[in-house]
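Numbering (UniProt numbering), first residue to last: 1 to 492.
All residues carry an ideal CB built from backbone N, CA and C; glycine is no exception.
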């Protein structure tokens, strides 16, 4: 049976049990653990040496008092502990804000070392985490810096595990959903980094005069100036984190009672640190920036969707995962930019990580997801729906038109029928009227046959002659009766 090459970093396997006691091969884990020591150890030495050099150059300064070499080493070690999430005390003042530049340098070196060690198993990732936590614990126990430094042990374990897993991502992070979401996540974070960098640049250009003015307050020589610049450089990435918090809307604080956000600025007396001269002035803010951010990520999501040419469900899933991972990264950065820089009100600085997570999802993630809907399948569906809607509307209009024509025809028939009924009714009324107006034949009266003929032969009344009235008729009848009575009496 021939041997075939296995995956990178795989243990050799035996094909038969020869009866000997089996041993666990931890050579790979030990190799990775040895590599995990160097990044943290050299980071600690660098910060301790920097503190020692500045102490040497300023040992005669009255402000140092009775500070000894051991105190300087403890101060440098405590400052290094803050790079991993610990806390130190300098002259009784608690300092926990992370010098993010040193943290990022140690992260970069750790990834490079683990890449060379060919991390390929989760056991090696665990070895890296344990080794870096052990380095922090040993240095802390040996030097015993001021302050609550032990949380740095947890920070060291997290750094070791995350950097080792990322270094071996080709062998470890092979989940299909993650592999599909990483390209869109890279675009998401890349665009956000560009926007944040532009915000920092605008802030420094606008506040450069204040930065130089505050720096001029410090009457220091070349060594003091170099030290001041070096300390601010160590916290320069924190300025980018704060700019990101300002841009997304949650904002950040530089002491209690202050709030710097794109939605408005509330300020209070600040420490005289030149870097803080770039902070925005008090005002109502620029709420429209949130709309611009949403529009940018909507367009970016649409462009990425059209470029990748995946199905609509796959595009939606990838964009949703990218938005979720991106929001988690934003929250992690916010946690790195939060801490104390002094006593009392200066014990609260930086953004709030959970709020940053929510706003990143709302302002950036949701538009990024909606951009995935700008997909050929969506356009085809909308086109089909539009055509179906237009056809339905046309049919509806035709049906309404036909119904109107039917009602008009029915109305015309009703009008015609009503006209015919009216005409027939008028004819009947006219016939009845004629029947009522026709005179009845009077009964014949004895001795008066010649009277009608005589009446017919009488000429009509001439024009203009008054017609006989009822009184005249009554008088005539009376005269006739009297005449008859006279005649009768005479005849008798």
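Query                                                                                                                                                                          : Result
Answer with buried or exposed for residue 252, where buried requires no fewer than 16 other C-beta atoms within 10 angstroms of its C-beta.                                    : buried
Since residue 328 sits in a beta bridge, which residues does DSSP pair it with?                                                                                                : Answer is none; residue 328 lacks a bridge partner.
At the level of alpha carbons, what is the spacing between residue 249 and residue 303?                                                                                        : 25 Å
Under DSSP, the beta strand (DSSP E) around residue 131 begins and ends at which residues?                                                                                     : Residue 131 -> not in any beta strand (DSSP E); alpha helix (DSSP H) instead, spanning 122 to 143.
Comparing C-alpha positions only, which one of 211, 282, 226, 192 sits nearest to residue 273?                                                                                 : 211
By the 10 Å Cβ neighbour count, where 16 or more other Cβ atoms means buried, how is residue 281 classified, buried or exposed?                                                : exposed
Have a look at residue 49 and residue 122 and give me their C-alpha separation to the nearest angstrom.                                                                        : 35 Å
Can you list, in chain order, the residues of its chain with a C-beta nearer than 6 Å to that of residue 320? Leave out the 5 residues immediately preceding and following it. : 369
When DSSP labels each residue in this structure, what does residue 171 get in the three-state scheme?                                                                          : coil
Report the residue ranges of all beta strand (DSSP E) runs contained in full by the stretch 263 to 313; include only those spanning at least 3 residues, in chain order.       : 264 to 266
Give the single residue among 313, 291, 364, 149 whose Cα lies nearest to the Cα of residue 327.                                                                               : 364
In the DSSP assignment, what are the bridge partners of residue 90?                                                                                                            : 93
Between which two residues does the beta strand (DSSP E) containing residue 252 stretch?                                                                                       : From DSSP, residue 252 is part of no beta strand (DSSP E); its letter is neither H nor E.
By the three-class DSSP mapping on this structure, what secondary structure does residue 257 have?                                                                             : coil
By a C-beta neighbour count over all protein chains shown, 10 Å radius and 16 as the cutoff for buried, is residue 42 buried or exposed?                                       : exposed
CA-CA distance, residue 157 and residue 300?                                                                                                                                   : 36 Å
What are the residues that DSSP puts in a beta bridge with residue 350?                                                                                                        : 253
Does the Cβ-Cβ distance between residue 139 and residue 79 come in under 7 Å?                                                                                                  : no
Take residue 371 as the anchor and find which of 404, 184, 202 has the nearest alpha-carbon.                                                                                   : 184
On the criterion of 16 or more Cβ atoms from any shown chain inside 10 Å, does residue 30 qualify as buried, or is it exposed?                                                 : exposed
Excluding the five sequence neighbours on either side, which residues of its own chain have a C-beta within less than 6 Å of the C-beta of residue 306, listed in chain order? : none
What whole-angstrom Cβ distance do residue 356 and residue 334 have, given they're in contact under 8 Å?                                                                       : 4 Å
What span of residues does the alpha helix (DSSP H) with residue 214 cover, start to end?                                                                                      : 176 to 216
Who are residue 339's beta bridge partners in DSSP?                                                                                                                            : 349
Taking Cβ positions, are residue 72 and residue 94 nearer each other than 7 Å?                                                                                                 : no
For residue 234, which option in 82, 180, 408 has the closest C-alpha, if you only look at C-alpha atoms?                                                                      : 82
Does the pairing of the stretch 117 to 131 with the stretch 167 to 187 give three or more beta-carbon distances under 8 Å?                                                     : yes
Around the C-beta of residue 295, are 16 or more other C-beta atoms found within 10 angstroms, so that it is buried, or is it exposed?                                         : exposed
Skipping 5 residues on each side, what residues in its chain have a beta carbon closer than 6 Å to that of residue 103?                                                        : 83
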